[in-house]
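Basically this note's numbering = 1-based index in the sequence shown + 582. Read the structure below first, then the notes.
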Amino acid sequence: MRPLRKLIVSVILLSHFLSMQAEQPKSSQTCDFPAIFNFGDSNSDTGSMSAAFYPAALPYGETFFHEASGRASDGRLIIDFIAKHLGLPYLSAYLDSIGSSYSHGANFGASASTIRRQNRTFFDGGSPFSLEIQVAQFIQFKTRTAKFYKQGEGNSFPRPEELAKALYTFDIGQNDIAAVLQRMGQEDSEAAISDIVSQFVNQVTYLYSEGARTFWIHNTGPIGCLPVAMPIHNSYNYTPEPGYLDQNGCVVYQNDMAKQFNKNLHDTVVKLRELFHDASLVYVDMYSAKYELFSNAKTEGFVDPSKICCGYHEGGNHLYCGNYKAKINNGTEIFAGSCEDPSSHISWDGVHYTEAANSWIANRIVNGSFSDPPLPITRSCTKIKIKIDPVGRRVFVIHGEGNSFPRREEFAKPLYPIDIGKNDISALLRTTGQEELSCTKQKHPVSEFVQCNEYTTQALLPVNNNATPAPGYIYQNGCVVYQNDLAEQFNKELKDRVIQLRQLLLDTLLDSLTNLKFVVDFMRVEIICTLGWGAHYTEAANNWIANHIVNGSFSDLPLPITRSCKLA
């Protein structure tokens, strides 16, 4: 590619980058959700399975509720912290008819649930409440709520018109991945994951057809990081093969399966946005949020993430969490109760998380840090369309909120200042003497820069150095000659290229180096604290420079910045 063409491409790419920044979502809209409807598994079950089959017992619930609450934790779940963050009460399970309130939504999630219908009985580890059944329960809830309102008896439920304004949350898929892992070799895992995601899409589409418009979708977590999956809890003196575990002790192939599911899910959510133009679908990277916690457990105040607070899982013996004693294979009696301080643990029972871990994760997802698009949950109702522009970058476009952004036709009118290159020159100075000194072409992001430097590499002379520099090493104002010579050489090359480019792109070049010489003349170089911080400039110096360049004194062509659009 010819040098001039490279420069044209670089400027065009910069222009696209700046427009991308301008189109990032910055809406101040707050959604004010009247209700939440949740669909999920044990990671978000607030009492469904306990109501349907048998109630959970202490020590589940001991930390916050001080009694069993139907949650697979010592306290609250992520969905509880989401509700709290939105100013809504904790969700009651749809299946729990005693003491429940549905005025601000309902929870259809149930432990052991899957997206696909599992060909297993509940007592073999499955659940009858697949996502399809949960959505059917929501449809029944919606139908009966409307009926009660018509009869004037709907005070305990959301108003029918509020269902379209509610937040629809999803935290399901982990058990589907576990089922695929258990059947490896019996089923094509890639085809299975594709089918799981397809069935998820079917149910989201069904909810959309029933009026749902805001979807908050969690991907699946790092299943290979669950302590019960780790070899340390499944056998004695077992040394896994290299590559079986990652640096955090997580099982690699299991996490790889979760990542494959997450990629398919993300790609599908992106496609759904194209179909549901009046809906908001936020994909939440729960995998990354949880893996970050596993990776930084110690610095975040937790014990080793492989440690389990409640239950006993050692040497292939598995006593699940509960206030009971039992004998393991060697006849030793073990108590399967909880640890003294659940708040110091990430894992509650080997599969589920403690309240402390759930709180940590929730605090990091509600602000949008792990969301795509990057919206906090309080603004997740914002209608955003993601476009792919001609150079392949993603652009977020907020529907109905154009007042916060430049109009498309205005992107040709702004000023695009470019101030870059100093660090490239510094890099050349560091490598001079390590490479050929005779006219070596150095790649530069704006152009090909030709280095013909006859000086040897030397560092900047320290202010407190008592050494006497060689004659000609510094100017009368203390500046290093060979370094400024290299900068001047770059500036001359850049100016020549801009003159060529001016026939195609209207631009202006500021002779920054000349201006900087005036700054050095203005201040004595020994008083370095008043001019800069050593490498960068103080506000006073920046102000002085700006005042002297905006009037066009150092511009080529000599136009003030207010008239820089007038180039002919």
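Cβ coordinates follow ideal geometry from the N, Cα and C atoms, glycine included.
Run the CB neighbour count on residue i, radius 10 Å, all protein chains shown included, and call it buried at 16 or more, exposed below.
i       : result
Leu558  : With the chain represented from 583 up to 1150, any question about residue 558 goes unanswered, as that position is not in the structure.
Asn1133 : exposed
Phe917  : exposed
Gly657  : buried
Gln733  : exposed
Thr802  : buried
Gly643  : buried
Gly812  : In the sequence as displayed, the identity of residue 812 is Met instead of Gly. Buried, because 16 or more other Cβ atoms sit within 10 Å of the Cβ of Met812.
Glu735  : exposed
Ser780  : exposed
Thr914  : exposed
Pro1140 : exposed
Val933  : buried
Pro1053 : exposed
Ala794  : buried
His1118 : exposed
Arg726  : exposed
Tyr935  : buried
Ile1081 : exposed
Asp1078 : exposed
Ile680  : exposed
Lys608  : Note that Lys608 scores 45 on pLDDT, short of 50, meaning its location in the model is unreliable; the coordinates nonetheless yield the value given after this. Counting Cβ neighbours within 10 Å, Lys608 comes out exposed, since fewer than 16 surround it.
Asn625  : buried
Asp1103 : The predicted position of Asp1103 is uncertain, since its pLDDT is 40 and thus under 50; a value taken from the coordinates is nonetheless stated next. Exposed is the call here.
Leu957  : buried
Ile594  : Bear in mind that the predicted position of Ile594 carries a pLDDT of just 38, short of 50, making it too unreliable to give a figure here.
Glu769  : exposed
Lys724  : buried
Ser738  : exposed
Asn1005 : exposed
If I'm right that residue i touches residue j with Cβ under 8 angstroms, what's the distance once you round it to whole angstroms?
i       : j       : result
Asp1237 : Tyr902  : Beyond the ends of the chain as shown, which are 583 and 1150, falls residue 1237; an answer cannot be given.
Val762  : Ile775  : 7 angstroms
Leu670  : His686  : 5 angstroms
Tyr796  : Tyr835  : In the sequence under discussion, the amino acid at residue 796 is Thr, which differs from the Tyr named in the question. With 8 angstroms as the limit, Thr796 and Tyr835 do not qualify as a contact, their Cβ atoms being about 35 angstroms apart.
Met631  : Ser693  : 4 angstroms
Tyr865  : Asp1001 : Contact flag wrong, Cβ pair sits at about 36 angstroms.
Gly629  : Ala675  : 4 angstroms
Phe690  : Phe663  : Going by Cβ atoms, the distance from Phe690 to Phe663 rounds to 19 angstroms, so no, they are not a contact pair.
Ser926  : Val885  : 5 angstroms
Thr696  : Asp758  : 5 angstroms
Ala861  : Tyr790  : 6 angstroms
Val948  : His667  : 5 angstroms
Cys832  : Phe876  : 7 angstroms
Leu673  : Ala633  : That pair is no contact at about 13 angstroms.
Thr960  : Thr612  : 5 angstroms
Ala944  : Ile1007 : Actually they do not touch by this definition, with Cβ atoms about 47 angstroms apart.
DSSP has residue i in a bridge; who is on the other side?
i       : result
Met812  : Its beta-bridge partners do not exist; DSSP assigns none.
Asn689  : Asn620, Ala675
Ile759  : Per DSSP, none; premise fails for Ile759.
Phe647  : According to DSSP, Phe647 bridges with nothing at all.
Ile1056 : Val1062
Asn799  : According to the sequence shown, residue 799 is Ile rather than Asn. Answer by DSSP bridge pairing, in chain order: Phe752, Tyr865.
Val833  : Leu827
Glu769  : Met766
Asp954  : Tyr865
Tyr788  : DSSP output for Tyr788 lists no bridge partner at all.
Ser929  : Ile890, Tyr935
Hey, would you say the C-beta of residue i is under 6 angstroms away from at least one heavy atom of the ligand NAP?
i      : result
Ser951 : Questions concerning the ligand NAP fall outside what the structure shown contains, since it holds no ligand whatsoever.
Quick one: any contact between the segment 895-910 and the segment 614-632, if contact means 3 or more CB pairs under 8 angstroms?
The segment 895-910 is not in contact with the segment 614-632.
Start-end ranges of the beta strand (DSSP E) lying completely within the segment 844-917, minimum 3 residues:
As far as the segment 844-917 is concerned, its whole beta strand (DSSP E) runs of at least 3 residues are 862-866, 894-896, 899-901, 907-909, 915-917.
Does the segment 830-847 come close enough to the segment 868-881 to have 3 or more Cβ pairs within less than 8 angstroms?
With contact defined as three or more Cβ pairs closer than 8 angstroms, the segment 830-847 and the segment 868-881 are in contact.
Would you call the segment 774-791 in contact with the segment 804-822, where contact means no fewer than 3 C-beta pairs closer than 8 angstroms?
At 8 angstroms Cβ cutoff, the stretches do not touch.
Contact between the segment 845-853 and the segment 806-813: three or more CB pairs below 8 angstroms?
Two segments are said to touch when three or more pairs of C-beta atoms, one from each, lie closer than 8 angstroms; by this definition the segment 845-853 does not touch the segment 806-813.
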